[in-house]
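Participant:
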Amino acid sequence: MSSFHLGPNQYGKAEVRLVTVTREGDTHHLKDLTVSTALRGALEDTHLTGDNSAVVATDTQKNTVFAFAKEAPVGEIEDFALRLGRHFVDGFDQITGARILIDEHGWERIHVNRHPHHHAFARGSGERRTTAVTVDGDRHWVVSGLTDLVVLKTTGSEFHGYPNDKYTTLPETTDRILATAVTARWRYQGTDIEWTKSFLEIRRLMLETFAETHSLSLQQTLYAMGAAVLAERHEVAEIRLSMPNKHHFLVDLSPFGLANDNEVFHAADRPYGLLEGSVVRDDAPDPGLAW
Ligand SMILES: O=c1[nH]c(=O)c2[nH]c(=O)[nH]c2[nH]1
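Take the position in the sequence shown, starting the count at 1, then add 9; the result is the number in this note's numbering.
Right under this line is the structure:
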C-alpha cells in the first residue's frame, strides 16, 4: 500500500496589476506594479477535505493589495511588500508565512519642448526593479533585484583556453562582443535600509564592473559584478546573478570575397549560454529558507 501526505504548499494571487497615480498639484506621479501574494500556514483542511474555514481567499488577497494602495502611499516596493506580508501573518492566526513578490515597471516622463510633461509618460526599457519579501512568523527578510538589464560591450572580452574535444567547433577569440541581460537578486541583512539608494548604487556597481572588467569569460564577469556589490554594499548578504550569453557571431563574409574584421555580426537569440552564480558573504546569516 502506498502512503503519502500533503507536502509544502502555498497559495495566493499571482500578478495583480496595480497602477497608482499620486497628484502633487498639476504634477502626477505614476507607479506601475505587478504584485503576487502567497500564503502558508495551517491549510491542511482545504487540501484534504475541502473545508475552507482557514482559507483567506485569493480574491481577498487581491483586494487587500488595492485597498492598501489607497489607505497609505505605496512608497517603496520593499516597504509595501513588508506591510502586506505582515498584515496577512499578523492578522490571521492560521497564516504563519507569506511571500510577497513585486515587480516595478518603469515609466519615463515625456518631454515636450524639452520640459517634462505633467501627466504623460512613455514606458521605459523592459528592465524591472523587483523585490521578494518573505515573512515567517516574527521574522521577515527582503530580497531585491532587477531583471532584464541588457548590456553589451564591443570589445574587452576574450574566450579561449577551453577543452577542444571532437565536438568542439567554437573558434577561440581574443576580441568579441559580450552581451547579456542581467537578472540579479540580492538578499539584505536587515530592513532598516534606504531601498532606492541601495538599489541605484548596486545597479551602478554592476554596470561599471561590466564595463570595466576585461573579460576572459562571462563567468568571470558575473563573479566580478557580484563581488563589487558585496565589497561596497554591506547591507547585502548574498547576490545571485543569472546572465544569458547573448551571442554575437562573426559572419563569414569570405564567400563574397569580403574580410570581416570584427565589424559584422549575427545576433543569435537561441540557443544561448546561461550562466548563473552567487557571491556570498562568509559571515552572512543563513535565512533558513530558500529564497
Ligand atoms: O563566456 C563564455 N563562457 C562560456 O562558458 C562559454 N561557452 C561558449 O560556447 N561561449 C562561452 N563564453
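We put the beta carbon where it would ideally sit given N, CA and C, even for glycine.
Measuring only the C-alpha atoms, how far is P17 from T46?
Facilitator: Distance between the alpha carbons of P17 and T46 is about 16 Å.
Participant: Under three-state DSSP, which class holds K79?
Facilitator: Helix at K79.
Participant: Distance, Cα to Cα, E87 vs L93?
Facilitator: Near 10 Å, if we compare the C-alpha coordinates of L93 and E87.
Participant: Would R108 be called buried (16 or more neighbouring beta carbons within 10 Å of its own) or exposed?
Facilitator: The residue in question, R108, is buried, as its Cβ has 16 or more Cβ neighbours within 10 Å.
Participant: Answer yes or no: the CB of S287 versus the heavy atoms of ligand 1, is any distance below 7 Å?
Facilitator: The answer is no for S287.
Participant: Could you work out which residue in N173, W150, E136 and T164 is closest to T156 when comparing CA atoms only?
Facilitator: That would be E136, whose Cα lies nearest to the Cα of T156.
Participant: Please confirm if the segment 197 to 212 is in contact with the segment 221 to 231, defined as three or more CB-CB distances below 8 Å between the two stretches.
Facilitator: Result no; under three Cβ-Cβ pairs closer than 8 Å.
Participant: In the DSSP assignment, find the alpha helix (DSSP H) that holds E210 and state where it starts and stops.
Facilitator: Its alpha helix (DSSP H) spans residues W204 to E221.
Participant: How about A141 and L110: are their beta carbons less than 8 Å apart?
Facilitator: Yes, they are a contact pair.
Participant: For A193, which residues does DSSP report across the bridge?
Facilitator: Paired residue(s): L155 and L250.
Participant: Could you spell out where the beta strand (DSSP E) holding A131 opens and where it closes?
Facilitator: Residues H124 to D145.
Participant: Strictly under 8 Å for the Cβ-Cβ distance: is Q228 near chain D by that measure?
Facilitator: No chain D appears in the structure shown, which is made up of a single protein chain.
Participant: Below 8 Å on the Cβ atoms is my contact criterion, and I expect E113 with R95 to pass it. Report the Cβ-Cβ distance as a whole number of Å.
Facilitator: Rounded, the Cβ-Cβ distance is 20 Å, inconsistent with contact.
Participant: Within the segment 17 to 50, note down every full beta strand (DSSP E) run reaching 3 residues or more, in order along the chain.
Facilitator: Those beta strand (DSSP E) runs which fall completely within the segment 17 to 50 and span 3+ residues are 25 to 33 and 36 to 50.
Participant: Quick one: Cα of R26 to Cα of Q70, how far?
Facilitator: Approximately 13 Å, taken between the alpha carbons.
Participant: Using the rule of at least 16 other Cβ atoms within 10 Å of the residue's Cβ for burial, across every protein chain shown, is D50 buried or exposed?
Facilitator: As written in the sequence, residue 50 is Gly, which differs from the Asp given in the question. The residue in question, G50, is buried, as its Cβ has 16 or more Cβ neighbours within 10 Å.
Participant: Is it buried or exposed, P253, if we count other Cβ atoms within 10 angstroms and call 16 or more buried?
Facilitator: With 16 or more other Cβ atoms within 10 Å, it is buried.
Participant: In its own chain, which residues sit with a C-beta less than 7 Å from the C-beta of E85, not counting the 5 before and 5 after it?
Facilitator: If we look at E85 and ignore the five residues flanking it on each side, its Cβ neighbours are W204 and T205.
Participant: Tell me whether F168, by its Cβ, gets closer than 7 Å to a heavy atom of ligand 1.
Facilitator: Yes, Cβ of F168 sits closer than 7 Å to a heavy atom of ligand 1.
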